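Numbering (our numbering), first residue to last: 547 to 909. Cβ coordinates follow ideal geometry from the N, Cα and C atoms, glycine included. Please read all numbers here as calculations on a predicted model, not as lab measurements.
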């Protein structure tokens, strides 16, 4: 094709794109929401399917896939595919400025879950703010930690509120309300109400004063246990680590797995209640022996009292069904670096090896 034809054709195509783009875009969005066979096309281009939400917006639907390297064994090395991978930069964190360390740190540890924390001060002023220095750190009892970094102007409202009233709620952010959740992160004055500013819906909590976020599928009502202050080399207080116990959990049934997960715990009784039951009914049966019939029934009752269904408890092995949140339904939002967030695209299963280094047989 000669230049005399190519240049005018390119200009014409560009002009048509500018004119037709706004018209085609809404129809293309609707195309992504059509039923089969389009999910196969969507996977080809986007790596996941799309579906319509109650608000009429298209949201990604993550998928469960086979684990990578299915035929791996300890004799197979797993080197990085990246060119120049072994050319590393070694740094002394104390030599970096605060902003430099922040940029590097939040880009290294990814993805990070986000706690949308609801708190309230002693005067009843509400606050709602997201924190990605956050995680669950124990299950017996369940504890969470998160860290508010100190502002140039002083303590963050969340920290001041928790110091004052001790109770707060951690709400997990899902894709369908990420924009509203992000809007709570503004540097608003202390008397501002992020609930009103963001349009999120408060609903009453059971055991703490601050409300829960109705749009969130998972709420954890928490009670402060300890605050640990972090100081830099100059002795300046730069952040605090809030350690709290989860005292009430609320989970939407819509994000639970369709069927409870069945887990098998070898070695007999594990909980204090079960050990106490066996000691009183089975003359101190240890975890390697088989509990007698009465002890089995007592242990089953103890497990069921904790809200789990017992399938079996024979030969020192406990099998029970537990409630599990389905991440494919929860669609959690993760924090990356800067203003970048991440979504769950794919999940896969990799089991842990036993004491002999062997893996369970696939069902």
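Check	Outcome
Could you tell me the alpha carbon to alpha carbon distance between residue 893 and residue 628, rounded to whole angstroms?	23 Å
Under the rule that 16 or more other beta-carbon atoms within 10 Å means buried, what is residue 713, buried or exposed?	buried
Quick check on the burial criterion: 16 or more other C-beta atoms within 10 angstroms. Buried or exposed for residue 699?	exposed
Which class does residue 659 belong to by DSSP, given the choice of helix, strand or coil?	strand
Is the beta carbon of residue 674 closer than 7 Å to that of residue 740?	yes
Report all residues from its chain with a CB closer than 7 Å to the CB of residue 671; omit the five preceding and five following residues, and keep chain order.	737
Going by DSSP, what residue range makes up the beta strand (DSSP E) through residue 715?	713-718
Identify whether residue 622 lies in helix, strand or coil by the three-state DSSP scheme.	coil
Considering only their Cβ atoms, is the gap separating residue 882 from residue 656 smaller than 7 Å?	yes
Please list, in chain order, all residues of the same chain as residue 611 whose beta carbon is under 7 Å from its beta carbon, the five residues on each side excluded.	892, 894
Could you check if residue 586 is buried or exposed, using at least 16 other CB atoms within 10 Å of its CB as the buried criterion?	Because the pLDDT at residue 586 is just 44, under 50, the model does not fix this residue reliably, and the point stays unresolved.
Measure from the alpha carbon of residue 705 to the alpha carbon of each residue in 772, 682, 619, then state which is nearest.	772
Would you identify the three-state DSSP class for residue 651, choosing helix, strand or coil?	helix
With distances taken between CB atoms, is the gap from residue 721 to residue 609 smaller than 7 Å?	no
Taking all protein chains shown into account, decide if residue 746 is buried (16 or more other Cβ within 10 angstroms of its Cβ) or exposed.	buried
Kindly indicate the opening and closing residues of the alpha helix (DSSP H) around residue 674.	Not the alpha helix (DSSP H): residue 674 falls in the beta strand (DSSP E), residues 672-677.
In whole angstroms, what separates the C-alpha of residue 868 from that of residue 641?	48 Å
Going by beta-carbon coordinates alone, are residue 807 and residue 875 separated by less than 7 Å?	no
Please report how far the alpha carbon of residue 903 lies from the alpha carbon of residue 791, in whole angstroms.	35 Å
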